[in-house]
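In terms of this note's numbering, the sequence shown opens at residue 22 and continues consecutively. For every residue, glycine included, the Cβ atom is placed at its ideal position computed from N, Cα and C. All of these numbers come straight from a predicted model, not from anything done at the bench.
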Amino acid sequence: MVKASSAPVTPDGRYFVVRGRLWRCSNPALCPAVRQRLVDALMVARRQVRAAGQDAARLRQARLQVHAAKCALGERGPPWWGEGGPTYD
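Structure, rendered in structure tokens:
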């Protein structure tokens with residue numbers, strides 16, 4: 022995947038585009054230290070997904086950790102932006 026910082030971003034700043042697909046941006050209101058801690062947790066969880074192999078219980082737990090990190094970053098779950106304005110999704 023292309024780094025989000027080098028990918029085009031929609032005019033509303035909510036999504037970046039990679040190969041024609043929209044991906045939700047992280048919440049820009051997160052302070053840099055918190056954002057970095059969450060990104061680090063996401064990377065650990067992604068490595069755990071890979072390491073889980075065929076172990077269904079480990080895989081499920083690792084995927085839950087990925088989901089939790091992405092929700093905390095604002096990439097999943099309730100939108101971090103306010104109502105109003107045009108949407109590009």
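Taken through DSSP and simplified to helix, strand or coil, Leu43 comes out as strand.
About 7 Å separates the beta carbon of Gln69 from that of Gln86, a gap short enough to meet the 8 Å contact definition. A direct Cα-Cα distance of roughly 13 Å separates Ser27 from Arg40. Positions of the alpha helix (DSSP H) runs, each at least 4 residues long and wholly inside the region 51-82, are given as 53-73 in order along the chain. When C-beta atoms of the region 36-56 are compared with those of the region 80-98, three or more pairs fall below 8 Å, so the two segments count as touching. Only residues of its own chain outside the window of five on either side were considered, and among them Arg97 have a CB closer than 7 Å to the CB of His88, listed in chain order. Within the same chain, and ignoring the five residues on either side of Leu63 in sequence, the residues whose Cβ sits closer than 8 Å to its Cβ are Val87, Ala90, Lys91 and Leu94. Rounded to whole angstroms, the separation of the alpha carbons of Trp102 and Val38 is 18 Å.
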